[in-house]
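To start, the structure itself, in C-alpha cells.
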Amino acid sequence: MEALPPFDLIRPRTLAQLIDARAAHPASRLLGGGTDLMVNIRRGIVAPPVLIDVNGVDELRTIEADAHALEIGAAATLSEVAAHSGVMQNYPVVAQAAGHIAGPTHRNMGTVGGNIALDTRCIFYNQSEWWRQANHHCLKTTGEICHVAPKSRGVCFATFSGDLAPALLTLDAEIDIAGVSGKRTVPLAELYIGYARQNEPVTVTRGDGKFFLSLQPSEIVTAVRARNSPGLRSAYDKIRIRRSIEYPVTGVAVALRRDGDILADLRVAFTGTNPRPVRLAGTDKLCGGPLDAPVFAGLDALVRDQIMAMKTTFTPGHYRRRVAGVLARRLVQRLFEGG
Amino acid sequence: MARILQLTLNGRARTDAITENVLLLDYLREVVGLTGTKTGCDGGECGACTVLVDDQPRLSCLMLAALADGRRVDTVESLVSDGRLSAVQRGFHEKLGSQCGYCTPGFVMASAGLLRRNPRPSEDEIREALGSNICRCTGYVKIIEAVQYAAQLHAAGASP
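Residue numbers (my numbering), protein chains in the order written: chain A, 144 to 482; chain B, 115 to 274.
Structural data, given as C-alpha cells:
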C-alpha cells in the first residue's frame with residue numbers, strides 16, 4: 144500500500160457551499176469520480192492540499208433532455224448520461240460519447256464535469272514521480288522543455304482526450320460557470336484554449352497543453368446545455384488500442400443534416416489529437432451539394448490542416464491523424480445514408 | 115484530518131475512525147482486514163479492486179473511503195451464504211473462469227453487479243460489463259461462460 148499524501152476533504156451539500164469552499168481554498172481540486180485525479184495524486188503529478196467532493200451537491204446532478212433542450216449537471220455520472228433515454232433519443236452523439244469513455248466501472252464513477260475539464264495527457268506526464276524525475280520532468284509540471292517538441296520554446300503539447308467535448312461541440316453547446324463573482328454562460332468552445340502554436344507565447348486567451356482551460360482560479364463548470372436542431376443526425380465513434388478501457392487514439396463526433404440528396408449541414412469535432420478538442424472550421428463550405436468525392440477530399444484537407452497529433456501517446460502522431468480522417472469519413476457516410 | 119465513517123459493509127453496519135486520505139481499498143484490506151479485494155495496478159486499469167457500492171461496481175483503488183459514508187459496500191466476502199457459494203462464484207468454479215485467481219474477486223463482483231441489474235445478460239452485455247477488468251490467464255472465454263452459467267443458476271433461484 145502506497146499511502147496518498149495528506150489532504151483535507153470538504154463535502155459540500157449545496158452549490159453555494161461548494162463555491163465558498165473553492166474560494167477559500169484556491170489550490171483545491173474538485174473530486175468527482177476520481178478516476179483521473181486520484182491516479183495523478185498517487186503518481187505525485189498533483190498534490191492538492193484540499194479536495195472538494197462534488198458528489199453530494201444534488202443541484203449538480205440533474206439530467207434533463209427532451210426534444211427541445213439538453214441540460215446536464217457537472218456531477219452527473221457518465222453511466223447516467225449514457226443510459227438516459229432522453230439523451231439517447233434526442234442527443235445520440237452525447238449518449239454515445241459518454242458510453243465510449245473508459246470502461247463501465249469507470250463510468251459509474253466518472254462525472255460529466257470531470258470529463259469536460261479532463262486534464263491533458265502525455266507519455267512524459269502520466270508517469271510516476273521517479274520516472275518523470277529521471278527525465279528531468281517536463282514543461283507541464285516543473286521541467287523546462289516539452290519532450291514531445293523540445294524546440295517548442297515553452298509550449299506544451301499534452302493532448303486533450305475527453306470524449307464529451309467533441310460531441311457537445313457539434314451541438315454548439317454552452318456551459319454554465321460559477322465562481323465568487325457570480326455565474327456566467329459561455330459557448331463550450333471558449334472553454335478550450337489549448338491552441339499550442341510553436342514559438343507563439345502562451346497567453347490567457349491562447350494557451351497550450353498546460354494552460355488549456357479558460358477558467359478563472361476559483362471558477363467551476365456547473366452544467367452543460369444545448370438546444371436540439373430539427374433533423375440533425377449525430378453520432379460518436381473512437382478508436383482505441385484496447386477497446387474496453389484505454390484513452391483514444393482518436394475520437395470523432397459528427398452531426399449533419401440531409402435535405403433530399405443535399406448535405407445541408409456538417410459539423411465534425413475531434414478528441415485525442417490536439418491540446419484541445421477541435422471542431423473543424425470550414426465544414427460549411429463542404430455543404431450545399433451531394434455527398435460526393437470532392438466533399439470527402441475537402442474533409443481530408445480540413446483534417447490535414449487542423450488536426451495536429453504529436454507523439455504524446457505510444458501511437459505515432461501521423462497514424463492518429465490518419466485514423467481521425469478515416470473515422471470522420473465513415474461517420475459522415477453512415478449518418479448521411481441512414482443513421 | 116480524521117473523520118468518522120459509517121457504512122453498511124457486507125450487510126452489517128460499521129463505524130470506523132479513518133483519515134481522509136485513505137482509499138476504500140486500503141480501508142477494506144488494512145483497517146477491516148478483508149483481503150479478498152485485491153490491489154492490482156493501483157491506477158484504475160485492471161479492475162482487481164472492484165467492489166459494489168449500492169450495487170454498482172466501483173474501483174476501490176480510486177475511491178476515498180470517506181465517500182462510502184452512508185453507502186452500502188459489498189466485497190467478495192459477502193457472497194457466500196450459509197457456506198454455499200453464490201451463483202457467480204459457482205459459475206467461475208465450475209466453468210474454470212479462474213486460473214491464477216488474482217483478478218477473480220474483481221471479475222466476480224463486476225459480474226454480481228451485472229446480474230443484480232440484468233439477470234439475463236446477452237454475451238455482448240457480459241463482455242461490456244466486464245470491460246473494466248483484466249485477466250491475463252484465461253483469455254476471457256471461460257469467464258464469459260462462467261457468467262452465462264451463473265445467470266442460469268440465478269434464474270433457478272441462486273443468489274447472484
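Don't be surprised by glycine CBs; every beta carbon is placed ideally from N, CA and C.
Source: prediction; values computed, not measured.
Where do the N-terminal and C-terminal ends of the alpha helix (DSSP H) with residue i fall, by residue?
{"i": "Asp351/A", "result": "Here Asp351/A belongs to no alpha helix (DSSP H), and DSSP marks it neither H nor E."}
{"i": "Lys256/B", "result": "Val255 to Ala269"}
{"i": "Ala226/B", "result": "Thr218 to Arg231"}
{"i": "Ala310/A", "result": "Leu307 to Leu312"}
{"i": "Leu478/A", "result": "Gly460 to Glu480"}
{"i": "Leu143/A", "result": "No information on residue 143/A is available, as it lies outside the stretch 144 to 482 that chain A covers here."}
{"i": "Arg172/A", "result": "Not the alpha helix (DSSP H): Arg172/A falls in the beta strand (DSSP E), residues Arg172 to Leu174."}
{"i": "Ala219/A", "result": "Run containing Ala219/A: none; DSSP gives neither H nor E here."}
{"i": "Ala277/A", "result": "Glu272 to Ala277"}
{"i": "Gln359/A", "result": "Segment: none, Gln359/A is in no alpha helix (DSSP H) and carries neither H nor E."}
{"i": "Asp404/A", "result": "No alpha helix (DSSP H) contains Asp404/A, which DSSP labels as neither H nor E."}
{"i": "Asp238/B", "result": "Glu237 to Ala243"}
Opposite residue i in the DSSP bridges: which residues?
{"i": "Val397/A", "result": "Ala378/A and Val411/A"}
{"i": "Ala116/B", "result": "Thr133/B"}
{"i": "Arg165/A", "result": "Looking at the DSSP assignment, Arg165/A forms no beta bridge with any residue, so it has no partner."}
{"i": "Val364/A", "result": "Ile320/A"}
{"i": "Ser195/B", "result": "Arg198/B"}
{"i": "Lys326/A", "result": "Ala321/A"}
{"i": "Leu178/B", "result": "Leu137/B"}
{"i": "Leu123/B", "result": "Arg126/B and Val187/B"}
{"i": "Val167/B", "result": "Gln170/B and Val187/B"}
{"i": "Glu287/A", "result": "None, per the DSSP bridge assignment."}
{"i": "Glu214/A", "result": "Glu207/A and Arg368/A"}
{"i": "Ile184/A", "result": "Looking at the DSSP assignment, Ile184/A forms no beta bridge with any residue, so it has no partner."}
{"i": "Thr456/A", "result": "According to DSSP, Thr456/A bridges with nothing at all."}
Out of the options, which has the shortest C-alpha to C-alpha gap to residue i?
{"i": "Gly175/A", "options": "Leu176/B, Arg234/B, Ala269/B and Met223/B", "result": "Leu176/B"}
{"i": "Ile288/A", "options": "Thr346/A, Gly352/A and Ala310/A", "result": "Gly352/A"}
{"i": "Gly205/B", "options": "Asp188/B, Arg185/B and Leu267/B", "result": "Leu267/B"}
{"i": "Gly227/B", "options": "Asp168/B, Tyr216/B and His207/B", "result": "Asp168/B"}
{"i": "Cys251/B", "options": "Arg186/B, Gly197/B and Ser212/B", "result": "Ser212/B"}
{"i": "Ala366/A", "options": "Glu202/A, Arg156/A, Gly187/A and His168/A", "result": "Glu202/A"}
{"i": "Ile121/A", "options": "Val189/A, Ile320/A, Glu272/A and Ala190/A", "result": "Residue 121/A lies beyond the stretch modelled for chain A, which goes from 144 to 482, so this question has no answer here."}
{"i": "Gly177/A", "options": "Leu178/B, Leu244/B and Arg186/B", "result": "Leu178/B"}
{"i": "Asn232/B", "options": "Gln203/B, Pro274/B, Thr218/B and Arg198/B", "result": "Pro274/B"}
{"i": "Ala127/B", "options": "Ser225/B, Arg185/B and Leu142/B", "result": "Arg185/B"}
{"i": "Pro433/A", "options": "Ala407/A, Thr426/A, Val446/A and Pro418/A", "result": "Ala407/A"}
{"i": "Glu208/B", "options": "Cys217/B, Ile257/B and Arg241/B", "result": "Ile257/B"}
{"i": "Leu158/A", "options": "Asp402/A, Asn198/A and Phe150/A", "result": "Asn198/A"}
{"i": "Ala238/A", "options": "Glu223/A, His461/A and Val182/A", "result": "Glu223/A"}
{"i": "Phe267/A", "options": "Gly337/A, Met453/A, Gln359/A and His211/A", "result": "Met453/A"}
{"i": "Val395/A", "options": "Met181/A, Val466/A, Thr456/A and Arg349/A", "result": "Val466/A"}
{"i": "Phe355/A", "options": "Pro309/A, Lys283/A, Asn233/A and Ala277/A", "result": "Lys283/A"}
Is it the case that the Cβ atoms of residue i and residue j are separated by a distance below 9 Å?
{"i": "Asn342/A", "j": "Pro171/B", "result": "no"}
{"i": "Phe303/A", "j": "Pro459/A", "result": "no"}
{"i": "Ala218/A", "j": "Val200/A", "result": "yes"}
{"i": "Glu134/B", "j": "Arg117/B", "result": "yes"}
{"i": "Ile195/A", "j": "Leu221/A", "result": "no"}
{"i": "Ala166/A", "j": "Val323/A", "result": "yes"}
{"i": "Val255/A", "j": "Leu307/A", "result": "yes"}
{"i": "Ala301/A", "j": "Thr263/A", "result": "yes"}
{"i": "Asp183/B", "j": "Leu137/B", "result": "no"}
{"i": "Ala412/A", "j": "Leu423/A", "result": "yes"}
{"i": "Leu244/B", "j": "Val202/B", "result": "no"}
{"i": "Ile184/A", "j": "Ser171/A", "result": "no"}
{"i": "Gly158/B", "j": "His243/A", "result": "no"}
{"i": "Ser372/A", "j": "Leu314/A", "result": "yes"}
{"i": "Leu142/B", "j": "Val194/B", "result": "no"}
{"i": "Arg464/A", "j": "Thr416/A", "result": "yes"}
{"i": "Pro360/A", "j": "Pro155/A", "result": "no"}
{"i": "Ser225/B", "j": "Gly125/B", "result": "no"}
{"i": "Val475/A", "j": "Leu358/A", "result": "no"}
{"i": "Ala146/A", "j": "Asp140/B", "result": "yes"}
{"i": "Ala260/A", "j": "Leu334/A", "result": "yes"}
{"i": "Thr328/A", "j": "Tyr390/A", "result": "no"}
Specify, as a first and last residue, the run of the beta strand (DSSP E) that residue i falls within.
{"i": "Pro171/B", "result": "Gln170 to Leu173"}
{"i": "Ile336/A", "result": "Per DSSP, Ile336/A belongs to no beta strand (DSSP E) and is neither H nor E."}
{"i": "Asp448/A", "result": "No beta strand (DSSP E) contains Asp448/A, which is instead part of the alpha helix (DSSP H) from Ala436 to Gln449."}
{"i": "Asp151/A", "result": "Asp151 to Ile153"}
Assuming the contact rule is C-beta atoms closer than 8 Å, residue i and residue j should be a hit. Round their C-beta distance to whole Å, please.
{"i": "Gly220/B", "j": "Ala260/B", "result": "The Cβ separation is near 13 Å, so there is no contact."}
{"i": "His227/A", "j": "Ala240/A", "result": "In fact, because the Cβ distance is near 13 Å, the residues do not count as touching under 8 Å."}
{"i": "Val165/B", "j": "Thr153/B", "result": "Wrong, their Cβ atoms sit about 12 Å apart, outside the cutoff."}
{"i": "Leu478/A", "j": "Arg376/A", "result": "5 Å"}
{"i": "Val345/A", "j": "Gly286/A", "result": "With a Cβ gap of about 15 Å, Val345/A and Gly286/A do not count as contacting."}
{"i": "Leu257/A", "j": "Ala245/A", "result": "Leu is not the amino acid found at residue 257/A; the sequence shown has Gly there. 11 Å between Cβ atoms; not a contact."}
{"i": "Ala332/A", "j": "Leu312/A", "result": "6 Å"}
{"i": "Arg234/B", "j": "Ala265/B", "result": "6 Å"}
Any chance the CB of residue i is under 8 Å from a heavy atom of the ligand ADP?
{"i": "Val189/A", "result": "Only the bare structure without any ligand can be found here, which leaves the ligand ADP out of the picture."}
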